[in-house]
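Residue numbers (full-length UniProt numbering): 1 to 478.
A short write-up of the structure that comes next.
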DNA sequence: TTAGGGTTAG
């Protein structure tokens with residue numbers, strides 16, 4: 001163990017020296033550059049979502065007119081890579097901005113953090129954050145957001161607390177992101193603490209996004225009445241305010257409340273269009289979006305309202321012209337499954353455009369388990385075998401279906417297959433520490449488990465960071 | 001001309 005810590009220390013020292021020397025040698029360069037016209041073009045591509053064109057244009061500048069590139073050009077180019085995202089091009093930009101001496105420009109660093117987060121690469125995102133010398137509220141928020149977006153809410157909350165300890169003042173965006181983490185975790189106490197913090201500052205209380213995040217947090221933490229009270233108290237409501245509340249009611253099985261709110265939303269729209277005909281000015285119209293319909297369909301599904309669900313689905317497509325996404329198909333399958341209409345669910349999956357994902361098939365497999373549908377269950381299991389062959393849960397569900405019907409031979413057969421699956425080694429992220437990695441996976445109750453995990457985490461970060469600095473130098477050609 | 005945001009099936 002000591003050897004690992006020493007190694008980690010050595011790597012960290014090397015990295016620190018690498019990053020410090022880069023800052024010293026090049027940080028003066030960007031300040032002398034004049035803002036070029038080229039940035040206008042880059043920005044136009046970016047706002048019209050022509051991200052590939054933005055990258056190609058940047059490449060042309062780099063090859064033929066590098067003196068016209070400043071830190072703004074890099075910023076727009078990184079943003080173009082983040083939106084799509086373009087993984088390799090973004091990393092090449094990272095390498096090039098180091099070459100240009102822009103690596104300690106905080107706007108670029110924060111943008112890079114966001115880029116790596118969009119790739120799902122939290123190690124690099126965190127490493128870019130570590131390299132920021134004077135971390136501010138925005139860079140902290142970007143890091144916390146990266147962990148939330150990548151489904152690590154616990155880490156996000158820890159960072160939010162660390163930020164407080166370091167006396168970095170959170171703003172409305174930080175609090176919104178932190179509330180999202182609380183909602184994911186069901187961390188009501190922390191959510192309430194944030195609400196109390198918000199109440200003390202009038203400028204925060206006026207922020208629409210923050211209020212929406214509060215409604216969502218209360219609803220997800222089981223405090224649906226508090227959520228509704230807050231919702232009713234808000235004067236200005238946007239589509240997300242309505243959607244958050246509809247989803248909240250739907251999750252609590254309150255289908256009538258959810259659908260009632262959706263009705264109110266549409267009523268405002270009707271009133272407004274009538275006002276328009278009569279030449280009066282009404283309040284601003286709020287159109288439901290595709291997420292609103294996820295809430296509506298969830299309400300129908302949780303409330304066992306099959307016909308209503310089908311009706312709203314048609315309404316979404318035919319009246320609002322919204323294109324259903326995979327998630328909407330999933331809602332419909334869930335709707336049929338909860339009502340025990342497994343054939344309908346299966347037909348819906350077969351007829352939906354594109355390939356159904358594993359989650360959708362798994363919803364049906366779960367329903368087959370509850371309803372003892374062996375034949376259909378086997379058919380669904382074959383699909384899942386294709387999509388995610390190593391997923392043990394599907395085999396467990398299948399073995400339960402057999403067991404419930406007393407088909408013990410079949411059950412034993414599947415159980416044996418599960419054992420085979422488990423024999424495959426778990427994912428060990430670090431080769432050098434494979435021994436420890438295996439040791440942990442075999443002993444969940446080990447008294448030093450936390451310490452070992454900590455050491456492994458540090459080691460992973462350091463190794464990755466080292467590898468990252470090497471990659472940067474090999475990527476300098478763009 | 002700059003960086004970070006909320007709602008999304010199981």
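Glycine included, C-beta positions come from ideal geometry on N, C-alpha and C.
From a predicted model like this one, the values you see are computed outputs, not experimental measurements.
*Going by beta carbon distance, what residues of the same chain come within less than 8 Å of residue 51, once the five residues before and after it are set aside?*
On the first chain, position 51 is the one that residue 51 refers to. The beta carbon of residue 51 sits closer than 8 Å to those of 45, 80, 81, 83, 84 and 86, all from its chain and outside the five residues before and after it, given in chain order.
*Determine the burial state of residue 449: buried for a count of at least 16 other Cβ atoms within 10 Å of its Cβ, exposed for fewer.*
One-based indexing of the first chain puts residue 449 at position 449. Caution applies to residue 449, whose pLDDT of 46 falls short of 50 and renders its modelled position unreliable; the model cannot decide the point.
*Cβ of residue 112 within 7 Å of Cβ of residue 94?*
On the first chain, residue 112 is found 112 positions in, with the first residue counted as 1. On the first chain, residue 94 is found 94 positions in, with the first residue counted as 1. The answer is yes: Cβ separation under 7 Å.
*asked:* So for residue 226, helix, strand or coil by DSSP?
replied: Along the first chain, read from residue 1 onward, the residue named residue 226 stands at position 226. Three-state DSSP puts residue 226 in a helix.
*Under a Cβ-count criterion, where at least 16 other Cβ atoms within 10 Å of its own Cβ denotes burial, should residue 355 be classed as buried or exposed?*
In the first chain, counting from the first residue as 1, residue 355 sits at position 355. Result: exposed.
*Quick one: what's got a C-beta closer than 6 Å to residue 243's C-beta in the same chain, skipping five residues either side?*
As a first step, residue 243 must be located in the first chain, where it is residue number 243. Excluding positions up to five away in sequence, the list reads 291, 292 and 295.
*Closest by CA to residue 163, which one among 221, 137, 383 and 237?*
Residue mapping note: residue 163 aligns to position 163 of the first chain, counting from 1. Nearest C-alpha to residue 163: 137.
*On the three-pair Cβ rule with 8 Å, is the stretch 184–193 touching the stretch 165–173?*
no
*In terms of residue numbering, what span does the alpha helix (DSSP H) encompassing residue 92 cover?*
Looking up residue 92 in the first chain gives position 92. 87–99 is the extent of the alpha helix (DSSP H) around residue 92.
_Could you check whether residue 183 and residue 216 sit closer than 7 Å to each other, using their CB atoms as the reference points?_
Sequence index remark: in the first chain, residue 216 carries index 216 (1-based). Sequence index remark: in the first chain, residue 183 carries index 183 (1-based). Against a cut-off of 7 Å, the Cβ pair of residue 183 and residue 216 comes out as a contact.
*Complete runs of the alpha helix (DSSP H) confined to the stretch 336–396 [at least 4 residues]*: 342–351, 358–371 and 374–387
*Quick one: Cα of residue 219 to Cα of residue 251, how far?*
Within the first chain, residue 219 is the residue found at index 219, counting from 1. Within the first chain, residue 251 is the residue found at index 251, counting from 1. Each residue's Cα considered, the two are about 8 Å apart.
*Take residue 418 and list the residues in its own chain whose beta-carbon comes closer than 8 Å to its own, dropping the five residues that flank it on each side.*
The sequence position of residue 418 within the first chain is 418, counting from 1. Sequence-distant Cβ neighbours of residue 418 in its own chain, meaning closer than 8 Å and more than five residues away, are 392, 395, 396 and 399.
*For residue 324, the three-state DSSP class (helix, strand or coil)*: To locate residue 324, count along the first chain from 1; it is residue 324. Three-state result, residue 324: coil.
*alpha helix (DSSP H) segments (min. 4 residues) lying fully within the stretch 235–292*: Qualifying alpha helix (DSSP H) stretches, in chain order: 239–251 and 255–277.
*Under the rule that 16 or more other beta-carbon atoms within 10 Å means buried, what is residue 305, buried or exposed?*
Within the first chain, numbered from 1, the residue matching residue 305 stands at position 305. Around the beta carbon of residue 305, 16 or more other beta carbons lie within 10 angstroms, which makes this residue buried.
*asked:* So, with DSSP's three-state summary, where would you put residue 295?
replied: For the purposes of this step, residue 295 is taken as the residue at position 295 of the first chain. Here residue 295 sits in helix by DSSP.
*asked:* Do residue 71 and residue 102 count as a contact pair if the criterion is CB distance below 7 Å?
replied: Along the first chain, read from residue 1 onward, the residue named residue 102 stands at position 102. Along the first chain, read from residue 1 onward, the residue named residue 71 stands at position 71. It is a contact, given that the beta carbons lie within the stated cut-off.
*What are the boundary residues of the alpha helix (DSSP H) that residue 317 is part of?*
Locating residue 317 in the first chain gives position 317, counting from the first residue. No alpha helix (DSSP H) contains residue 317, which DSSP labels as neither H nor E.
*If residue 146 sits next to residue 117, beta carbons under 8 Å apart, how far is it from one beta carbon to the other, in whole angstroms?*
Within the first chain, residue 146 is the residue found at index 146, counting from 1. Within the first chain, residue 117 is the residue found at index 117, counting from 1. Yes, residue 146 and residue 117 are in contact; Cβ-Cβ is about 4 Å, under 8 Å.
*residue 47: buried (16+ other C-beta within 10 angstroms of its C-beta) or exposed?*
As a first step, residue 47 is located in the first chain; it is residue number 47 there, counting from the start. Exposed, since its Cβ has fewer than 16 Cβ neighbours within 10 Å.
*Reduced DSSP secondary structure (H/G/I, E/B, other) of residue 63*: Taking the first chain and counting its residues from 1, the one referred to as residue 63 is at position 63. Reduced to three states, the DSSP call for residue 63 is helix.
*Would you tell me roughly how many angstroms separate the C-alpha atoms of residue 366 and residue 302, rounded to the nearest one?*
For the purposes of this step, residue 366 is taken as the residue at position 366 of the first chain. For the purposes of this step, residue 302 is taken as the residue at position 302 of the first chain. Roughly 16 Å between the two C-alpha positions.
_At the level of alpha carbons, what is the spacing between residue 329 and residue 313?_
By 1-based counting over the first chain, the position of residue 329 is 329. By 1-based counting over the first chain, the position of residue 313 is 313. Going from the Cα of residue 329 to the Cα of residue 313 covers about 9 Å.
*Tell me whether the beta-carbon of residue 195 lies closer than 7 Å to the beta-carbon of residue 210.*
Position 195 of the first chain, counted from the first residue, corresponds to residue 195. Position 210 of the first chain, counted from the first residue, corresponds to residue 210. It is not a contact, given that the beta carbons lie outside the stated cut-off.
*Supposed close pair residue 336, residue 344 - CB separation, criterion 8 Å*: Counted from its first residue, the first chain places residue 336 at position 336. Counted from its first residue, the first chain places residue 344 at position 344. 4 Å between Cβ atoms; contact.
_Buried or exposed for residue 89, going by 16 or more other Cβ atoms inside 10 Å?_
As a position in the first chain, residue 89 is number 89, starting the count at 1. By the neighbour-count rule (16 or more Cβ atoms within 10 Å), residue 89 is buried.
*Could you say which of 299, 106 and 351 lies nearest to residue 338 if we only look at CA atoms?*
Residue mapping note: residue 338 aligns to position 338 of the first chain, counting from 1. Ranked by how close their Cα comes to the Cα of residue 338, the residues 299, 106 and 351 have 299 in first place.
_If I measure Cβ to Cβ from residue 320 and keep anything under 6 Å in the same chain, skipping five residues before and after, which residues do I get?_
The residue given as residue 320 occupies position 320 in the first chain. Nothing listed; no residue qualifies.
*Taking the alpha-carbon positions, what's the residue 256 to residue 236 distance?*
In the first chain, counting from the first residue as 1, residue 256 sits at position 256. In the first chain, counting from the first residue as 1, residue 236 sits at position 236. Taking the straight line from one Cα to the other gives about 23 Å.
*First and last residue of the alpha helix (DSSP H) that includes residue 192?*
As a first step, residue 192 is located in the first chain; it is residue number 192 there, counting from the start. Start and end: 188–199.
*Is it right to say residue 445 is buried, meaning 16 or more other beta carbons lie within 10 angstroms of its own, or is it exposed?*
Numbered from its first residue, the first chain carries residue 445 at position 445. In this prediction, residue 445 scores a pLDDT of 47, lower than 50, which makes its location untrustworthy; no coordinate-derived value is stated.
*Taking all protein chains shown into account, do 16 or more other C-beta atoms lie within 10 angstroms of the C-beta of residue 406, making it buried, or fewer, making it exposed?*
As a first step, residue 406 must be located in the first chain, where it is residue number 406. That one is exposed.
*Within this structure, are the beta carbons of residue 372 and residue 403 separated by less than 7 Å?*
Sequence index remark: in the first chain, residue 372 carries index 372 (1-based). Sequence index remark: in the first chain, residue 403 carries index 403 (1-based). Cβ distance not < 7 Å, so residue 372 and residue 403 don't count as in contact.
*Going by the C-beta, is residue 303 closer than 6 Å to any heavy atom of the ligand HEM?*
The ligand HEM is not part of the structure shown, which contains no ligands of any sort.
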